[in-house]
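Below: the structure, in structure tokens.
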Amino acid sequence: DNTSVYILGPDGGLNPIGIPGELCIGGKGVGRGYFNRPELTSHKFLPDPFSHVHGDRMYRTGDLAKWLPDGNIEYLGRMDDQVKIRGYRIELGEIESVLLLHPNVKQAVVIAKNYGLGDKRLVGYIVCNGKFDKKSVDSFLRSKLPEYMVPALWLDLEKLPLTFSGKIDKKALPDVDSRDVVTSNYTEPRTELEKKVAFIWKRIFALDRVGIHDDFFAIGGHSLLAVKVMSALEKEIGSKLAINLIFKYPTIFDLAKAIESPYQNQVGWDSLVPIKPSGSKPPLYIVHGVGSTVSIYFQLAKNIEDDQPIYGFQPKGLDGIEVPNQSVEEMAAFYISLMIRQYPSGPYCIAGYSFGGFVAFEMARQLKAMGKEVSKLILFDTSAYEDPAKLTLLKKIKLQLGKRLVNLGFAFKEPQGFYEQKSRSFQRKRDYILIKLKLKPKPETQKDHESIIKVVAKNNVKILQKYILNHYDGDLHLFKVKNRSFYVEDTEYYGWAPLVNKVHNVHVSGHHDNIFKKPGIIKEMAEKIQIVLDEKHGSQTQIKPSID
11 DNTSVYILGP
21 DGGLNPIGIP
31 GELCIGGKGV
41 GRGYFNRPEL
51 TSHKFLPDPF
61 SHVHGDRMYR
71 TGDLAKWLPD
81 GNIEYLGRMD
91 DQVKIRGYRI
101 ELGEIESVLL
111 LHPNVKQAVV
121 IAKNYGLGDK
131 RLVGYIVCNG
141 KFDKKSVDSF
151 LRSKLPEYMV
161 PALWLDLEKL
171 PLTFSGKIDK
181 KALPDVDSRD
191 VVTSNYTEPR
201 TELEKKVAFI
211 WKRIFALDRV
221 GIHDDFFAIG
231 GHSLLAVKVM
241 SALEKEIGSK
251 LAINLIFKYP
261 TIFDLAKAIE
271 SPYQNQVGWD
281 SLVPIKPSGS
291 KPPLYIVHGV
301 GSTVSIYFQL
311 AKNIEDDQPI
321 YGFQPKGLDG
331 IEVPNQSVEE
341 MAAFYISLMI
351 RQYPSGPYCI
361 AGYSFGGFVA
371 FEMARQLKAM
381 GKEVSKLILF
391 DTSAYEDPAK
401 LTLLKKIKLQ
411 LGKRLVNLGF
421 AFKEPQGFYE
431 QKSRSFQRKR
441 DYILIKLKLK
451 PKPETQKDHE
461 SIIKVVAKNN
471 VKILQKYILN
481 HYDGDLHLFK
491 VKNRSFYVED
501 TEYYGWAPLV
511 NKVHNVHVSG
521 HHDNIFKKPG
531 IIKEMAEKIQ
541 IVLDEKHGSQ
551 TQIKPSID
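First residue of the sequence shown? That's 11 in my numbering, and the numbers climb one at a time after it.
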């Protein structure tokens, strides 16, 4: 009837069946705009990109909806209910709609609240048909939604507060006191160390009680809070600890047990970290990014095949004592010595992300020179570069123009990622100025995890600037993201083609900064990494279309 209905994603593209997006309407019924509201009109009334009639417009309703397989549209709530937590944009209505699919849930509402240190977490308010089973509801949500969309806190209510018009009154929802939060299998801390860990968790998460079997990540923890927790725990017990301990032992009981173990120092800040040591296949060795730790790879390991071992490298100096490696070549040789000691026979599967891609590349070169077999060399969104000293004026101008064009494209396709990237850049520049003006202490004078990691990361940047790329006599698997956030002259092979025998491109979703953060992208990465690892020499055609 002269009406078009679209459900669009953040990039303005049409969403497939079952994927929530903004409901937009086109056709003859679209009005001219808002009376005397030109700014709002320009935001809500847009040119219709899907119409073949010049001048047609569509209206953005601000409603969240999704197509059903039978052609109907399911309304999920208002886009106004969108919140941002840990860099993820979350539709609260989508969580609520999934909750209502649970057979024991009668009513549900989800909100975002700030708890301690400015940390924002999801809180679920539930009205049940009978007794509320937190474990059942939590498991149900995790089977249908990514981890970051599962509420950390729950409150069981007899009924939800309503407005006069019968809608849920979110302003009247009770504040969540941790004594009211539904917890399962609460066990009080018993040992002195368990009490210290629990005290830190309670302070950081703003909770009145934490049980020794509560999972750090289930109650709202993430990698940034993990650094704060381990730094605080170091100060409390007076000894060095590795940040990766909390990823391996996420409950108070297991973490305290690991810290008290006589083998803790071996796990500590070792440069070779067992991320997932079990499995009979040849292990994958992954080199850290410029940020130095291997914590980002633990979620990847949870999505990889059970039979695939994974180990990670992290640099010297993270303990605040050892001197970091002074060149990429030296770092590569050090990691090779650890790898051969653990897995002497090979063949070797090596991967690296960003800065780690260059270290992995150099490791592959050195292994070849030693007569060792490199089965797979995988680089995650890493581009080769030209020596800045050899750049002509024309190339420098082209480089700057290219960077700005890429920035514009990235800002359009990934506005949130662009904002976060520029915010980090601004913070680094601000800190540099404050340190120069002596308004902030130098990182070297501080000994907490965050400061030490920054010092080691700075060294990584420094040694990379001195590294010269040379030819590697082997193939390379290059994982390329959908939305590029940096300029490369060679958009097809990122400059690696002249440096290797052959480049095999692997296309993945997301952008440079979120490929090891977003659950959906992590799962995609894990699947494609496993395909590459299981691929035999000369059999690339068997695994298309995942790999080009």
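Positions of the beta carbon are idealized from the N, C-alpha and C atoms, including for glycine.
query                                                                                                        : result
Alpha-carbon to alpha-carbon, LEU486 and GLN276                                                              : Per-residue confidence for GLN276 stands at a pLDDT of 40, beneath the threshold of 50, marking its modelled position as unreliable; the derived number appears in the next sentence. Rounded to the nearest angstrom, the two C-alpha atoms are 33 Å apart.
Buried or exposed by the 16-neighbour rule on C-beta atoms within 10 Å, applied to LEU127                    : Because LEU127 carries a pLDDT of 46, less than 50, the predicted location of this residue cannot be relied on, and no value is offered for it.
Bridge partners - GLY322, DSSP secondary structure assignment                                                : VAL283 and ILE296
Same chain, Cβ closer than 7 Å to ASP179, five either side skipped, listed in chain order                    : PRO171, LEU172 and THR173
Continuous beta strand (DSSP E) stretch holding GLY362: start and end                                        : 358 to 363
Proximity test, SER385 beta-carbon vs the ligand PLP heavy atom, cut-off 7 Å                                 : The ligand PLP is not part of this structure, which contains no ligands at all.
Closest residue to ILE539 among SER52, GLY362 and MET380 (Cα-Cα distance)                                    : GLY362
Stretch pair the segment 378 to 393 + the segment 497 to 506: three plus CB contacts closer than 8 Å         : yes
Opposing strand residues paired with TRP164 [DSSP bridges]                                                   : GLY134
Local conformation of GLU339 per DSSP, three classes                                                         : helix
ALA252, buried or exposed, once every other Cβ within 10 Å from all chains shown has been counted against 16 : buried
Counterpart residues of GLU32 in DSSP-defined beta bridges                                                   : LEU18 and LEU74
Separation of ASP73 from GLY103, as counted between CA atoms                                                 : 10 Å
Assumed close pair TYR196, GLY221 - CB separation to whole angstroms, cut-off 8 Å                            : 4 Å
8 Å contact criterion, which VAL93 and GLU106 should meet: CB distance rounded                               : Not confirmed; about 13 Å, so no contact.
Whether MET373 touches TYR345 by CB criterion (8 Å)                                                          : yes
Cα-Cα separation, LYS177 to LEU183                                                                           : 12 Å
Close Cβ partners of ASP190 (< 8 Å) along its chain, the five nearest in sequence each way excluded          : Note that ASP190 scores 44 on pLDDT, short of 50, meaning its location in the model is unreliable; the coordinates nonetheless yield the value given after this. Excluding positions up to five away in sequence, the list reads LEU165 and PRO184.
Where PRO529 sits in the DSSP three-state scheme                                                             : helix
Integer-rounded CB distance, given that ASN12 should sit under 8 Å from LYS54                                : Contact flag wrong, Cβ pair sits at about 20 Å.
Contacting residues, own chain, Cβ-Cβ under 7 Å from GLU84 (five flanking each side not counted)             : ALA75, LYS76 and LEU78
GLU202 - containing beta strand (DSSP E), residue span                                                       : No beta strand (DSSP E) holds GLU202; the alpha helix (DSSP H) holding it covers 202 to 215.
Span separating the alpha-carbon of LYS141 from that of GLY87                                                : 27 Å
The segment 19 to 32 in contact with the segment 41 to 55 per 3-pair CB rule at 8 Å                          : no
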